[in-house]
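Participant: Just add 908 to the spot in the first sequence (first one is 1) and you have this note's numbering.
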Amino acid sequence: MRIGYPCINRSIGCTPSRTFRLPSYSDERLRETVKANLACLMKILSYNVAHGILFFRITSDMVPFASHPVCTFPWQKHFADEFRTIGEFLRFHRFRISMHPDQFVLLNAPDAGILDRSIGDLIYQVQILDLLGLDNSAKIQIHVGGVYGDKTSSMERFIKNYERLDDSIKGRLVIENDERLYTISDCLVIHERTRIPVLFDVFHHAINNNGEQTVDLLAPLNNTWKRDDGIPMVDYSSQQPKKRAGSHAECIDLKDFRTFLQSTVPFDIDIMLEIKDKEKSALAALTLVHDDPRLVTGNPGDT
DNA sequence: CCCTGTCAAGTCACG
DNA sequence: CGTGACTTGACAGGG
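#1: Below 8 Å on the Cβ atoms is my contact criterion, and I expect Val-1055 with Leu-1089 to pass it. Report the Cβ-Cβ distance as a whole number of Å.
#2: Give the DSSP-derived three-state secondary structure of Ser-1006 in the structure shown.
#3: Which residues share a DSSP beta bridge with Asp-1143?
#4: Between the alpha carbons of Arg-1080 and Ile-1050, how many angstroms are there, rounded?
#5: Consult DSSP for Arg-937 and reduce its assignment to one of helix, strand or coil.
#6: Tell me, please, whether the segment 1136 to 1149 touches the segment 1117 to 1125 by the rule of three or more beta-carbon pairs shorter than 8 Å.
#7: Could you pull out every residue in the same chain whose Cβ sits closer than 6 Å to the Cβ of Thr-967, ignoring the five residues on either side in sequence?
#8: So, with DSSP's three-state summary, where would you put Leu-1015?
#9: Given this structure, state the Cα-to-Cα distance separating Ala-1153 from Glu-1182, to the nearest angstrom.
#10: DSSP has Gln-1049 in a bridge; who is on the other side?
#11: Within the continuous beta strand (DSSP E) that includes Arg-1152, where are the two ends?
#12: With a 10 Å radius around its C-beta and 16 neighbouring C-beta atoms as the bar for buried, classify Asp-1043 as buried or exposed.
#13: On the premise that Ile-1036 lies in contact with Met-1007, defined as a C-beta separation below 8 Å, what is that separation, rounded to the nearest angstrom?
#14: Who are Gly-912's beta bridge partners in DSSP?
#15: Hey, how far is the Cα of Arg-1101 from the Cα of His-1112?
#16: Quick check: what's the CA-CA separation for Ile-1031 versus Ile-1077?
#17: Can you tell me where the alpha helix (DSSP H) holding Lys-985 begins and where it ends?
#18: Figure out for me which residue from Glu-1087, Gln-1033, Gly-1021, Ala-1046 has the closest Cα to the Cα of Val-1052.
#19: For the alpha helix (DSSP H) that Gln-1170 lies in, which residues bound it at each end?
#20: Rounded to the nearest angstrom, how far is the Cβ of Leu-1203 from that of Val-1197, given a contact under 8 Å?
#21: Excluding the 5 residues flanking Ser-1171 on each side, which residues of the same chain have their C-beta closer than 6 Å to its C-beta?
#22: Is Lys-943 helix, strand or coil by DSSP?
#23: Is there contact between the segment 974 to 982 and the segment 935 to 944, where contact requires at least three CB pairs shorter than 8 Å?
#24: Classify Lys-1047: buried if its beta carbon has 16 or more other beta carbons within 10 angstroms, exposed otherwise.
#25: Could you check the C-alpha separation between Asn-1207 and Ala-947 for me, to the nearest Å?
Okay, here's the thing in structure tokens:
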């Protein structure tokens, strides 16, 4: 089991998501931005190793406009050495890595242009993971997409479009339940047809479900991840008290997290903490686990 | 220097 | 019908 946090670190003094406005685009601006983002990523990863945090989500903002027509600069070649170095570091320390395209990536979009742009973005994210030299246990997690007034046909469209994807994308793609439209049961239906692994978002499930109990879902979900996929990834977050249901908490609710961990034994999973204070909550969660090893299967970082 | 409207992209729920 | 929310705020112009 590993514990991780997404994209940025709030205590380290740099961001790996530096960007600029589209009208300011130039190859030079792109080079300096990506260079700074890569340097910051390395800094975050070093911090994570020093603190035993071996699960990390790399931001899709690493290379601004990577899948936009304006970007013709061969950043893949230009930064190949930097990516390789970071990748060696990741493999040496046995990191687990994920990426999460933003809401504009919709594999079941009826609009051909939206689908094209979505696939373009997936190709970009695959390139990042490939340049890092990571195997197919490094995953790209997306939601099923929109409903477009007809859920059944929208799920069919997802399946059809998924099947047409290049194997390099298929090997890394996993689907995640969302908080409004597609539940875990929907994802499992799609899995039956495509064999795509299903990533369990605990928080979304609490808000949007078909009455399934978490404890009953763990085995079926676990089975959707094959050997090459690595152990299942899970997204966990806490409700921000007194805010609308679904808003992410500022810091982790350790009592709730402990209860969740207890319910997952004996399944070995990697847990992404989607909490606003990022590494701070990850450290708190790790401390909890170290103080009570019975909460997890295996040791933190041991898988 | 700080404030804040806006940013490449899409969908849906809510008020 | 405009706005907020989404895995993640940061840029850049104006005061």
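Every residue, glycine too, gets a C-beta built ideally from N, C-alpha and C.
Facilitator: Taking the coordinates as given:
#1: That belief holds up - the Cβ atoms of Val-1055 and Leu-1089 are roughly 5 Å apart, short of 8 Å.
#2: Of the three classes helix, strand and coil, the one that applies to Ser-1006 here is strand, per DSSP.
#3: Answer by DSSP bridge pairing, in chain order: Asp-1109, Met-1180.
#4: One C-alpha to the other measures close to 11 Å.
#5: Residue state for Arg-937 is assigned as helix, using DSSP reduced to three classes.
#6: Too few Cβ pairs lie closer than 8 Å, so no.
#7: For Thr-967, the CB contacts under 6 Å within the same chain, skipping 5 residues up- and downstream, are Cys-915, Pro-924, Ser-925 in chain order.
#8: Leu-1015 falls in the coil class under three-state DSSP.
#9: About 15 Å.
#10: Paired residue(s): Val-1082.
#11: Counting along the chain, Arg-1152 falls outside any beta strand (DSSP E), and DSSP gives it neither H nor E.
#12: Asp-1043 comes out exposed.
#13: Correct: roughly 7 Å between the Cβ atoms.
#14: Secondary-structure assignment with DSSP links Gly-912 through a beta bridge to Phe-963, Met-1180.
#15: Each residue's alpha carbon lies about 23 Å from the other.
#16: Distance between Ile-1031 and Ile-1077, taken at the CA atoms: about 7 Å.
#17: 983 to 986 is the span of the alpha helix (DSSP H), which, as asked, contains Lys-985.
#18: Per the Cα distances, Glu-1087.
#19: From DSSP, the alpha helix (DSSP H) with Gln-1170 extends over 1162 to 1172.
#20: Contact between Leu-1203 and Val-1197 is confirmed by a C-beta separation of about 6 Å, below the 8 Å threshold.
#21: Excluding sequence neighbours, Ser-1171 sits near Thr-1122, Val-1123.
#22: Reduced to three states, the DSSP call for Lys-943 is helix.
#23: Touching, yes.
#24: Lys-1047 is classed as buried because its beta carbon has at least 16 other beta carbons within 10 Å across all chains shown.
#25: Between Asn-1207 and Ala-947, the C-alpha separation is close to 30 Å.
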